[in-house]
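From first to last, the protein sequence lines are chains V and G.
Position one of the first sequence corresponds to residue 1 (the numbering used here), numbered consecutively onward.
Position one of the second sequence corresponds to residue 1001 (the numbering used here), numbered consecutively onward.
Just so it is clear, CB atoms sit at the ideal spot from N, CA and C, and this is done for glycine as well.
Below: the structure, in structure tokens.
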Amino acid sequence: SQQGEEDPQALSIQEGENATMNCSYKTSINNLQWYRQNSGRGLVHLILIRSNEREKHSGRLRVTLDTSKKSSSLLITASRAADTASYFCATDPNTGNQFYFGTGTSLTVIP
Amino acid sequence: NAGVTQTPKFQVLKTGQSMTLQCAQDMNHNSMYWYRQDPGMGLRLIYYSASEGTTDKGEVPNGYNVSRLNKREFSLRLESAAPSQTSVYFCAGGRVYNEQFFGPGTRLTVL
């Protein structure tokens, strides 16, 4: 399977702290995306980073991509209770239409 | 502008029964997708449709059929439901090599 894997599986932090989660994958990719899923809801797209990019920012989110190590990290700065959710990475291994999702990191932000 | 809608939200079937999950999008996306989400497994692609009139198998297509009725609608059919198909099903729309937009999901239980 080309499925990515997120690390850690679960993360619990205090409000205001930074949260970092990692994603590793197995094959070359066109792009890597991060999604958030609140309990019982659908996934919401957060950020997309293309294979020729190394870092991308969006608000309090910072994503890095290291294609040589086949890994990515998502940093959420100054976390809030509303950031409590599961976070998934999804990779596109050169087909453009077949996306492979990781198993997710469950983030809990304690007020 | 509803985005991606799915019906029904919940369904309970007996083994061997059939049903069709409906998905519609009003975002004018060419591509549409069906995923299933199981605990600890992340999302797995069942089928996708790159454009109206085309469908392709994803990672876990066995036991399912799909129909891309028109650009807006993409349905998923279980001909003879099995307990192993108990899952949460998500439909998504998007453009090739870009982010996907997810529906709220259908929770299916097969007894």
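Give a yes or no on whether the minimum CB-CB distance between residue i and chain G is below 8 Å.
i	result
N22 (chain V)	no
L31 (chain V)	Note that residue 31 (chain V) is Asn in the sequence shown, not Leu. Cβ-Cβ to chain G under 8 Å: yes for N31 (chain V).
D66 (chain V)	no
H57 (chain V)	no
T103 (chain V)	yes
N52 (chain V)	no
G42 (chain V)	yes
L74 (chain V)	no
N97 (chain V)	yes
Determine the DSSP secondary structure at residue i, reduced to helix, strand or coil.
i	result
Q1085 (chain G)	helix
D66 (chain V)	strand
N30 (chain V)	coil
G1042 (chain G)	strand
Q1025 (chain G)	strand
A1002 (chain G)	coil
E1052 (chain G)	coil
Q9 (chain V)	coil
Would the beta-carbon of residue i be found less than 7 Å away from any heavy atom of the ligand GTP?
i	result
A85 (chain V)	As for the ligand GTP, it is missing from this structure, which has no ligand bound.
Tell me, please, whether the CB atom of residue i is closer than 8 Å to any CB atom in chain V?
i	result
R1100 (chain G)	Correcting the residue type first, residue 1100 (chain G) is Gln in the shown sequence and not Arg. Yes - at least one Cβ of chain V is within 8 Å of the one on Q1100 (chain G).
Y1089 (chain G)	no
M1019 (chain G)	no
Would you mind working out which of the options sits nearest residue i, comparing C-alpha positions?
i	options	result
T1054 (chain G)	G:S1031, G:L1043 and G:T1109	G:S1031
P1061 (chain G)	G:S1087, G:R1068, G:K1071 and G:W1034	G:W1034
Q1006 (chain G)	G:G1016, G:V1110 and G:T1020	G:T1020
Q14 (chain V)	V:R60, V:D83 and V:I47	V:D83
A1092 (chain G)	G:L1111, G:K1014, G:Y1048 and G:G1063	G:Y1048
G1058 (chain G)	G:R1036, G:N1098 and G:R1107	G:R1036
L1108 (chain G)	G:S1075, G:N1098, G:S1084 and G:Y1097	G:S1084
Can you check DSSP and say which residues form a bridge with residue i?
i	result
Y25 (chain V)	Looking at the DSSP assignment, Y25 (chain V) forms no beta bridge with any residue, so it has no partner.
T1015 (chain G)	DSSP lists no partner for T1015 (chain G).
A19 (chain V)	V:I76
Complete beta strand (DSSP E) runs within the segment 1058–1111 of chain G (minimum length 3 residues, chain order): Within the segment 1058–1111 of chain G, the complete beta strand (DSSP E) runs of at least 3 residues are 1064–1068, 1074–1078, 1087–1094, 1100–1102 and 1106–1110.
Segments assigned beta strand (DSSP E), at least 3 residues, entirely inside the segment 36–64 of chain V: Entirely contained in the segment 36–64 of chain V, the beta strand (DSSP E) runs reaching 3 residues are, in chain order, 43–50 and 55–58.
Whole beta strand (DSSP E) elements within the segment 79–106 of chain V, 3-residue minimum: Unbroken beta strand (DSSP E) runs of no fewer than 3 residues, entirely contained in the segment 79–106 of chain V, are found at 85–92, following chain order.
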